[in-house]
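In what follows, a structure is listed as structure tokens, so that the remarks can point back to it.
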């Protein structure tokens with residue numbers, strides 16, 4: 003097993019996104035992770051290792067890092083930033099696959115309404131909320147006079163089915 007910074011690299015690489023977030027949020031260890039990654043990549047760039055190996059597979063990977071350096075720094079310094087976009091892409095895919103449904107909306111406004119509804123449903127899913135239960139709750143609250151000034155209370159991430167949100 004590698005030691006020092008290399009061991010930290012291996013641990014972070016093998017961790018899932020939630021464990022990575024915990025590592026980064028831990029002030030000492032997270033700072034060590036960021037410093038190790040940035041120092042290693044800076045050293046490679048400073049020594050010209052990227053330029054020397056551009057024709058190799060390693061060089062291609064190093065060039066990729068160099069081209070995405072700003073985004074990598076954001077990822078390394080902010081533990082809330084996801085390592086990849088798979089989560090979002092998996093949420094968009096059902097909408098993309100069914101976008102032809104919008105062609106049968108009958109009118110442009112129908113398509114806009116369909117897109118709004120689909121967005122609300124996917125937002126519920128992203129927040130672990132059952133869409134039907136949330137929508138039923140929201141429509142009941144609106145029908146009973148929920149004030150517009152407190153509309154934020156009805157958003158999916160504020161919904162708790164167990165509490166009944168009453």
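Residue numbers (our numbering): 3 to 168.
Cβ atoms here follow ideal geometry from the backbone N, Cα and C, with glycine treated the same way.
Quick caveat, the model's predicted, so the values are computed rather than measured.
Buried or exposed for residue i, going by 16 or more other Cβ atoms inside 10 Å?
{"i": "residue 77", "result": "buried"}
{"i": "residue 159", "result": "exposed"}
{"i": "residue 39", "result": "buried"}
{"i": "residue 114", "result": "exposed"}
{"i": "residue 90", "result": "exposed"}
{"i": "residue 3", "result": "Annotation note: pLDDT 45 at residue 3 (below 50); position unreliable, coordinate value reported separately. Residue 3 is exposed by the Cβ-count criterion."}
My understanding is that residue i touches residue j, with C-beta atoms under 8 Å, so please give their C-beta distance in whole angstroms.
{"i": "residue 157", "j": "residue 148", "result": "That belief does not hold up - the Cβ atoms of residue 157 and residue 148 are roughly 12 Å apart, past 8 Å."}
{"i": "residue 152", "j": "residue 128", "result": "Actually they do not touch by this definition, with Cβ atoms about 22 Å apart."}
Does the distance from the C-beta atom of residue i to that of residue j stay below 9 Å?
{"i": "residue 141", "j": "residue 133", "result": "no"}
{"i": "residue 136", "j": "residue 126", "result": "yes"}
{"i": "residue 96", "j": "residue 124", "result": "yes"}
{"i": "residue 163", "j": "residue 139", "result": "yes"}
Within a Cβ cutoff of 8 Å, which residues of the same chain sit near residue i, ignoring the five residues on either side of it in sequence?
{"i": "residue 69", "result": "none"}
{"i": "residue 43", "result": "67, 71 and 74"}
{"i": "residue 154", "result": "160"}
Going by beta carbon distance, what residues of the same chain come within less than 7 Å of residue i, once the five residues before and after it are set aside?
{"i": "residue 109", "result": "none"}
{"i": "residue 74", "result": "67"}
{"i": "residue 83", "result": "76 and 77"}
So, does the CB of residue i fall closer than 9 Å to a CB anywhere in chain D?
{"i": "residue 37", "result": "You won't find chain D in this structure, because it holds only one protein chain."}
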